[in-house]
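If you're matching positions, the sequence shown starts at 461 in the working numbering and goes up one per residue.
One structure below.
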Amino acid sequence: MPNNKQQGFSLLEILIAFSILALSLGILLKIFSAGVNTAIIAENYTTAVQISESLMAKTGIETPLQIGQTTGIENNIYHWQIEISPFTFNDDQIDTKILPAELFKVKISVHWGDDMLSDRQLELTTLKLLNKSI
461 MPNNKQQGFS LLEILIAFSI LALSLGILLK IFSAGVNTAI IAENYTTAVQ
511 ISESLMAKTG IETPLQIGQT TGIENNIYHW QIEISPFTFN DDQIDTKILP
561 AELFKVKISV HWGDDMLSDR QLELTTLKLL NKSI
């Protein structure tokens, strides 16, 4: 006696399974691409911090502490600016003329990106001392 019962999947079941698979793969692809984008952004910030810290270390040692601005480009991607200004105390009781050193505010800005939507910026600020000439 032959068994007339068919086994297997219908065409509709296969189409539904492929649709679910396609949606799942699309979602997974978006998740992984977002992770890659985040890693690239983190790498760019790390590079910008390294450039900023390097410029900060050079300022006052390799390059003199002179009031004004200096600009430059690293790797044709990272545009930097060093802004040096005298630091003033808010306390009127401090006579800066008798101090043995001058205090300068050093602000370093690094920005990168292709357009206004993806433009990113990092800014570091510190104070540096310069001995007064006697």
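C-beta: ideal position from N, C-alpha, C; glycine also.
From a predicted model like this one, the values you see are computed outputs, not experimental measurements.
Q. Can you name the residues that DSSP bridges to K557?
A. K557 pairs with nothing; no bridge assigned.
**Q.** Cβ neighbours of F547 in the same chain (closer than 8 angstroms, five flanking residues each side left out)
**A.** Excluding positions up to five away in sequence, the list reads L563, F564, K565 and L587.
Q.
If you reduce the DSSP assignment to three classes, tell me which class L587 lands in.
A. Three-state DSSP puts L587 in a strand.
Q) For E583, which residues from the same chain have a beta carbon less than 6 angstroms from its beta carbon, with the 5 sequence-adjacent residues on both sides left out? A) Contacts found: S569.
Q | Identified DSSP bridge partners for F545 | A | A quick correction: the sequence has Ser, not Phe, at residue 545. In DSSP, S545 forms a bridge with K565.
Q.
For E534, which residues in the same chain have their Cβ closer than 6 angstroms to its Cβ, ignoring the five residues on either side in sequence?
A. Closer than 6 angstroms at Cβ, skipping near neighbours: I511.
Q. Can you name the start and end residues of the beta strand (DSSP E) that T531 belongs to?
A. G528 to E534 is the span of the beta strand (DSSP E), which, as asked, contains T531.
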